[in-house]
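Data first, discussion second: the structure below is written as structure tokens.
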Amino acid sequence: MIKRLLHFLDASPVNFLAVKNVSDELDQAGFRRIDPRQPLGAVHAGDKFYVTKNDSSIYAFEIGSRPLSEAGFHIICAHCDSPTFRIKPNAEMTCEGGIVKLNTEVYGGPIMSTWFDRPLTIAGRVIVRGQDAMNPETRLLHVRRPLLQISNLAIHFNRQVNDGVKLSKQKDTLPLLGIINDELERGNLLMNVILEELGKERAISRDDILDFDLYLADATPACTFGVHDEFISSGRLDDLSMCYAGVEALLGKLKVLEGSSVPVGQAESPSTTKVLAIFDNEETGSQTKQGAGSPFLATMLKRIAMAQSGTEEAFHQAVERAFMVSADNAHAWHPNYSEKYDPTNHPVLGGGPVIKFNAAQKYASDAASAAVFAEICREAGVPCQRFVNHSDVAGGSTLGNILASSLPLRGVDMGNPILAMHSCRETGAVADHLFTVKAFTQFYNEA
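First residue of the sequence shown: 197, per my numbering; consecutive thereafter.
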């Protein structure tokens with residue numbers, strides 16, 4: 197199971213590729229892709245389908261044997277974006293000696309220093325000319341080799357570097373791309389890379405490229421480490437590890453791991469409808485058409501409820517009967533910085549999934565919803581931890597309450613504990629991934 201997670205992490209350097217990889221797994225498990233521009237049609241028990249938005253968020257539904265109005269739905273939501281650097285338009289900056297660096301801007305809130313002096317690559321989507329102006333074509337791009345690096349200034353020029361240095365997002369974090377060999381390459385190095393990569397699938401001309409959404413990504417593969425291989429080291433654990441745990445649970449991968457003879461995607465239909473929602477842009481506030489602040493998911497659920505019953509009342513009944521697990525990683529206790537953590541509520545690596553609380557309501561969890569999730573963990577044989585911020589340390593927010601603004605769901609905010617959240621490489625525990633897949637599987641199978 198961990199090998200599958202590591203493969204998913206390596207194959208998903210950006211949101212667009214994460215959604216593509218999730219959709220591939222859903223296709224293989226018998227889910228049907230639907231076009232939201234078309235009528236939904238009849239919805240029956242056992243139907244399995246999914247829809248995407250902007251190529252960067254994805255929503256999967258497995259319809260239960262009981263109508264939404266009677267049973268509600270069980271939803272797991274996560275996000276597929278992570279802090280990184282976006283390549284700006286007109287990005288190439290030619291310096292002395294023909295050295296080319298790229299002009300970038302920060303996406304989200306990365307620990308910028310962790311991106312220095314390591315091999316990086318680029319990934320994202322390229323928009324190419326289609327049949328008409330309103331319908332361009334999208335091509336995904338992932339350069340699978342080290343291509344760039346953000347280099348530090350030598351300590352001899354910056355004697356205070358180990359005392360803490362304020363970094364400029366515009367000056368200090370621009371990556372090196374290469375050296376111009378001839379004048380034909382001037383201003384074309386990045387475009388040449390794009391053309392070469394896209395040409396591996398199908399030939400394309402430069403004039404056909406209209407625009408792109410490209411980002412930097414760590415080029416070092418995800419791995420396990422520790423005496424017992426108990427830790428996971430990877431970029432984007434926040435929040436791709438939660439996305440993939442949701443996929444594993446939705447598709448019943450745990451049953452395959454435990455030796456069930458039932459093929460993936462062919463398990464008995466659940467009584468309650470299962471929903472997996474993987475949003476984009478959580479790291480920048482979620483207020484996009486593909487983010488948790490969008491009404492898109494609520495609209496899809498309403499369409500499903502009305503297809504079953506013919507009335508909008510069924511949708512409102514379903515919302516009141518539903519339960520949401522908002523899955524976004526939590527802060528693990530760091531052995532070098534224990535003073536930063538709450539003295540009695542600091543989860544540890546390998547201790548199981550974490551329920552997150554906040555008195556200022558930055559998390560959706562309350563006593564009632566936390567009790568539900570803790571009981572689900574108990575039934576699954578999984579340990580459960582709790583996280584509360586140190587009262588003198590401000591914390592972040594996540595998906596639960598943002599989604600609740602358009603869908604007033606009962607729900608809990610939780611996540612696996614990780615170290616170095618928003619670093620270029622984060623650290624988690626192997627055991628926690630298995631624990632969470634078990635808990636999610638139990639949640640989906642609850643009546």
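In this text, a Cβ means the ideal position worked out from N, Cα and C, and glycines have one as well.
task = For residue 227, name the three-state secondary structure that DSSP assigns.
result = coil
- prompt: Which residues in the same chain as residue 634 place their Cβ atom closer than 8 Å to its Cβ, once the five residues preceding and following it in sequence are excluded?
  reply: 450, 576, 577 and 578
Host beta strand (DSSP E) of residue 252 (start-end): From DSSP, residue 252 is part of no beta strand (DSSP E); its letter is neither H nor E.
Item checked: Cross-strand partners of residue 300 (DSSP beta bridge) -> Residue pairing of residue 300 in beta bridges, as defined by DSSP: 283.
Point to revise | Residue span of the alpha helix (DSSP H) that contains residue 608, given as start and end | key: Per DSSP, residue 608 belongs to no alpha helix (DSSP H); it is in the beta strand (DSSP E), 606 to 611.
* **Bounding residues of the alpha helix (DSSP H) (the contiguous stretch that carries residue 497)** => 492 to 505
Helix, strand or coil at residue 439 [DSSP, three-state]: helix
Original post:
What is the DSSP secondary structure of residue 573, counted as helix, strand or coil?
Top reply: helix
- Look at the alpha carbon of residue 524 and the alpha carbon of residue 421, and state the distance between them as a whole number of angstroms. 23 Å
Opposing strand residues paired with residue 598 [DSSP bridges]: DSSP lists no partner for residue 598.
- Kindly provide the ranges of any beta strand (DSSP E) runs that are 3 or more residues long and lie completely inside the stretch 507 to 542, ordered along the chain. 519 to 523
* Asked: Quick one: is residue 533 buried, meaning 16 or more other Cβ sit within 10 Å of its Cβ, or exposed?
  -> With fewer than 16 other Cβ atoms inside 10 Å of its own Cβ, residue 533 counts as exposed.
### Task
Could you work out which residue in 642, 237, 495 and 507 is closest to residue 569 when comparing CA atoms only?
642
Looking only at its own chain, which residues have a Cβ that is under 6 Å from the Cβ of residue 232, when we skip the five neighbours before and after it? For residue 232, where only same-chain residues beyond five positions count, the Cβ hits under 6 Å are 247.
Q. Taking the C-alpha atoms as reference points, what is the distance between residue 346 and residue 324?
A. 29 Å
Exercise. Are the stretch 605 to 613 and the stretch 551 to 565 touching by the rule of at least three beta carbon pairs closer than 8 Å?
Worked result: Because the criterion of three Cβ pairs below 8 Å is met, the stretch 605 to 613 and the stretch 551 to 565 touch.
Requested in this report: Give me whichever residues DSSP pairs with residue 625 in a beta bridge.
Outcome: 427
>> Does residue 244 come out as helix, strand or coil in the three-state DSSP assignment?
In response: strand
- Query: When DSSP labels each residue in this structure, what does residue 362 get in the three-state scheme?
  - Reply: coil
Query raised in the report: So is residue 383 buried or exposed if we call it buried at 16+ other beta carbons inside 10 Å?
Result: exposed
What does DSSP give as the partner residues of residue 585 in its beta bridges?
537
Beta-bridge partners of residue 552, as assigned by DSSP
BP columns for residue 552 point to 583.
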